[in-house]
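Each remark here refers to the structure printed beneath this line.
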Amino acid sequence: MKQKHYLVFEIVAICIILISGCIQENQTAKPDIMQCPTINLEATVISLSPDTNIECENKCPGYQYPKDTGVIRIDKIISGNYQKLKGIEEGSEITIEFDYSSRPAKIRMIPVSEEPSNSPEEPVSHVPTFAEPIPRENGYFIYNIETNLVGEETEIILPGLEVGSKFRATINYCSPDMISVGKYEPIS
709 MKQKHYLVFE IVAICIILIS GCIQENQTAK PDIMQCPTIN LEATVISLSP
759 DTNIECENKC PGYQYPKDTG VIRIDKIISG NYQKLKGIEE GSEITIEFDY
809 SSRPAKIRMI PVSEEPSNSP EEPVSHVPTF AEPIPRENGY FIYNIETNLV
859 GEETEIILPG LEVGSKFRAT INYCSPDMIS VGKYEPIS
């Protein structure tokens, strides 16, 4: 009889140890988003590869936005910790992905609507969410992004790029195969 009680006691003790270990592991901080080095630069478009799968515009789910890519030549590095990054030097050509398309686009930054939440400490994400289809208006792709970074609605116009266009931007370098550019500013 005593052996039975000891066996139950041992099983309960093992369960408590395992559960407390799992809870402790889940409480350790983990980054939500991988941090990639950023580089501010000026560049020239060498080639563009617009995403041709946009027959579904105004009809597809929000994740169906254009995934345009291109090759750019780095004309001038303005700032950033790029010394150890493969292929990042003035005069080099790199392949990039455009976060908002290489074609004309409007980015509408919309303040996050204040809705009651279960937790007052719950942070509001500034990561773009594409919950609705990406519409087009007068030739512009429209990106509506809810964010807590603006107090009132603002709009950023990206005029689109073509071969030979010069622009200034901040690129995100996650690996030689994962380089992206979001907003950019054309240079005359």
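For the sequence shown, the positions run 709 to 896 when the working numbering is used.
Just so you know, even glycine gets a beta-carbon here, dropped at the ideal spot from N, CA and C.
Note that this is a predicted model, so its numbers are computed, not measured.
query, result
"E870: CB within 7 Å of a non-hydrogen atom of the ligand GDP", "In the structure shown, the ligand GDP is absent, as is every other ligand, since no ligand is present at all."
"Where I722 sits in the DSSP three-state scheme", "helix"
"Inter-stretch contact (C-beta, 8 Å, three-pair minimum) for the region 870 to 890 and the region 790 to 804", "yes"
"DSSP bridge partner residues for G868 (one or two, in chain order)", "Answer is none; G868 lacks a bridge partner."
"Paired residues, beta bridge with R876 - DSSP", "E750 and E893"
"Span of the beta strand (DSSP E), counted from its first residue to its last, around L815", "Checking the displayed sequence, the identity of residue 815 turns out to be Ile instead of Leu. I815 -> beta strand (DSSP E) spans A813 to P819."
"Residue interval of the beta strand (DSSP E) (run including G788)", "T777 to G788"
"Reference G859, options T777, S757 and I818, closest by Cα", "I818"
"Delimiting residues of the beta strand (DSSP E) encompassing E805", "E801 to F806"
"The region 781 to 791 in contact with the region 861 to 870 per 3-pair CB rule at 8 Å", "no"
"Buried or exposed by the 16-neighbour rule on C-beta atoms within 10 Å, applied to G872", "exposed"
"Local Cβ density within 10 Å of L857, reported as buried at 16 or more and exposed below that", "exposed"
"Whole-Å CB distance - G778 paired with S809, under 8 Å assumed", "In fact, because the Cβ distance is near 11 Å, the residues do not count as touching under 8 Å."
"C744 - DSSP class collapsed to helix/strand/coil", "coil"
"Boundaries (first-last residue) of the beta strand (DSSP E) holding E854", "Y848 to T855"
"Check whether E893 and K814 have beta carbons under 8 Å apart", "no"
"I747 vs I796 beta-carbon contact at 8 Å", "yes"
"Nonlocal neighbours in the same chain, by C-beta distance under 6 Å from L793, ignoring five residues either side", "Y881"
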